[in-house]
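Colleague: Below you will find the structure I want to go over with you.
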Amino acid sequence: MGPADVPAVARLERAVFRRDAWPAAAFAHVGRVFATSRPPRGRFWLAESGDGRIVGYAGLELSALAGEADVINLAVDPAHRRRGIGRRLLRSVRAYCRARGVLLVWLRVRASNREARTFYRRCGFRTVGRFRAYYDAPREDAVLMTLPRP
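Structure (structure tokens):
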């Protein structure tokens, strides 16, 4: 993801996550950090439609704890779901993690987001816990999921 992609990614983020959406400035900042950090601190991947429109993205942050990484964002445009875009994005995340010796990938998802939780389970993630009252508006738990040995 380059600076020119940030507005489109932020629009997709708002469409998918509404109140929980990151602002464009957050994507720009994290993108700059990822692009300039040595060793790498993370990466974003984009999925585009045939006409070049961004229809999905994933972000991964490598943890300061050696061997761990956090899926910080993953979204697919609702009109383009169930076409394998999310799975392809996660395949890229997994390959990146394997190349860097990451042994454990984790993520957080709203407890009420059954569709996402099912998707992640089908991709090999397992539920390992909860963060109570993690999300605001509405107040809700986050389910913690992990993917060992990506």
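Counting in the numbering used here, the sequence shown runs from 42 upward without gaps. All C-beta atoms, glycine included, are put in the ideal place defined by N, C-alpha and C.
#1: Going by the beta-carbon positions, is the gap between residue 30 and residue 92 smaller than 8 Å?
#2: From residue 142 to residue 103, what distance separates their C-alpha atoms?
#3: Beta carbon of residue 131, beta carbon of residue 108: below 8 Å?
#4: How many angstroms separate the CA atom of residue 94 from the CA atom of residue 118?
#5: Between residue 211 and residue 62, what straight-line distance do the alpha-carbon atoms span, to the nearest angstrom?
#6: At the level of alpha carbons, what is the spacing between residue 187 and residue 45?
#7: Short check: CB of residue 149 to CB of residue 172, under 8 Å?
#8: How about residue 165 and residue 126: do their beta carbons lie closer than 8 Å?
#9: Can you tell me the Cβ-Cβ gap for residue 99 and residue 134, rounded? I've got them flagged as a contact below 8 Å.
#10: Which of helix, strand or coil does DSSP assign to residue 91?
#11: Would you tell me roughly how many angstroms separate the C-alpha atoms of residue 87 and residue 152, rounded to the nearest one?
#12: Helix, strand or coil: how does DSSP classify residue 179 here?
#13: Could you tell me which residues DSSP pairs with residue 86 in its beta bridges?
#14: Enumerate in chain order the residues of its own chain whose CB-to-CB distance from residue 139 is below 8 Å, with the five nearest sequence positions on each side excluded.
#15: Which runs of the alpha helix (DSSP H) spanning at least 4 residues fall entirely within the region 108 to 177, listed in chain order?
Modeller: Answer, in terms of the structure:
#1: It is not possible to answer for residue 30, since the shown part of the chain is limited to 42 through 191.
#2: Looking at the two C-alpha atoms, the distance is approximately 11 Å.
#3: no
#4: 10 Å
#5: Residue 211 cannot be examined here, being either before or after the span of the chain that is shown, 42 to 191.
#6: 32 Å
#7: Contact flag set, yes.
#8: Contact: no.
#9: 6 Å
#10: coil
#11: 26 Å
#12: Assigned with DSSP and collapsed to three states, residue 179 falls in coil, not helix or strand.
#13: 99
#14: 191
#15: 126 to 140, 155 to 163
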